[in-house]
Amino acid sequence: MASYSPHNPHEMTPVFSPEALWVHDGLGFREALDRLAKGGDLKATLLLVALTHFASRGYDGVQVREVAEEAGVSKPTLYYHFGSKEGLFRQLCLVAHSVLEHRMEAVVAQVLAEELKGAESIESAAFRIARGYVDLLMETPEFTGFVLRSIAVPSPDSGFRDLMPLVERTIAPVGRFIHQAYGIGFEQARKEMMIFTGIFGALMEERIRHPEYGIDDAELRWAVRRWLRGLQG
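With my numbering, letter number 213 in the sequence shown gets 224, and the count goes up by one each step, no holes.
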């Protein structure tokens with residue numbers, strides 16, 4: 012288990028390592044926390060409860076007292092483990108992106124193990140990567156959408172701008188795909204990674220606003236082609 016100081020909310024080390032979260036078993040973020048919580052891990056229980064509250068109410072709408080009470084502990088106990096509400100939210104971001112990073116790595120590694128030759132094979136590979144990314148985001152859509160808005164497109168006075176490297180690490184494997192498919196340098200690929208996040212994050216946001224509509228293959232393929240046209244241009 013990774014080390015963490017609850018007295019420093021800007022600590023960038025997640026309280027749970029990817030191994031502790033069973034990411035290699037294909038567990039989602041919520042599933043992994045639930046398994047740990049059922050095993051008696053109090054920090055996992057607090058994060059799991061906080062996940063529901065932050066996802067439904069946003070950062071400002073969450074009361075630490077409510078999270079603590081639902082988890083069956085006192086406010087001082089929550090503060091002991093996470094230092095503050097900010098520390099609690101930051102750990103949710105860190106743990107969530109730790110899972111996303113490792114699972115995206117697996118998605119892209121499988122694609123890159125195959126030969127990318129010609130526009131058709133590149134589009135097929137890009138579609139698989141986009142589908143994997145969107146499916147991962149949709150496991151906890153309200154929370155991941157909120158996190159992307161808070162981190163990737165923050166307001167000028169946002170207190171979470173320093174978490175941007177989390178988003179970049181999560182989609183870094185996409186940069187390797189861009190480099191391998193098009194020979195684009197890594198600095199330019201980094202910019203294209205953020206465009207990727209914007210396009211497919213927007214699809215997820217639309218799904219949250221209109222849950223009666225799914226993100227079907229046709230819509231996703233249209234978005235992939237739009238992204239690839241930008242890369243080729």
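Glycine included, every Cβ here is placed at the ideal spot set by N, Cα and C.
Notebook entry, point to check: How is the alpha helix (DSSP H) around residue 7 delimited, first residue to last?
Noted result: This structure gives no information on residue 7, because the portion of the chain shown stretches from 12 to 244.
Note to self: Excluding the 5 residues flanking residue 13 on each side, which residues of the same chain have their C-beta closer than 6 Å to its C-beta?
What the structure shows: Any reading at residue 13 must be qualified, since the residue scores a pLDDT of 42, below 50, and its modelled position is unreliable; no value is offered.
Checklist line | Where residue 212 falls, given that 16 or more other Cβ within 10 Å makes a residue buried | finding: Buried, since its Cβ has 16 or more Cβ neighbours within 10 Å.
Margin query: Pop quiz: residue 110 and residue 32 are said to be a contact at Cβ under 8 Å. What is the actual Cβ separation, rounded to whole angstroms?
Written below: With 8 Å as the limit, residue 110 and residue 32 qualify as a contact, their Cβ atoms being about 6 Å apart.
Note to self: Any contact between the region 81 to 100 and the region 57 to 73? By contact I mean 3 or more CB pairs, one from each, below 8 Å.
What the structure shows: With the cut-off at 8 Å, the region 81 to 100 and the region 57 to 73 touch.
Notebook entry, point to check: By DSSP, does residue 70 sit in helix, in strand, or in coil?
Noted result: Reduced to three states, the DSSP call for residue 70 is coil.
Item checked: Euclidean distance between Cα positions of residue 73 and residue 102 -> Between the alpha carbons of residue 73 and residue 102 lies a distance of about 15 Å.
Notebook entry, point to check: Helix or strand or just coil, what does DSSP make of residue 14?
Noted result: Residue confidence is low: residue 14 scores 46 on pLDDT, short of 50, so the model does not pin down where it sits. Its coordinate-derived value is still stated next. In the structure shown, the three-state DSSP call for residue 14 is coil.
Check: Three-state secondary structure (DSSP) at residue 109?
Finding: Residue 109: helix per DSSP, three-state reduction.
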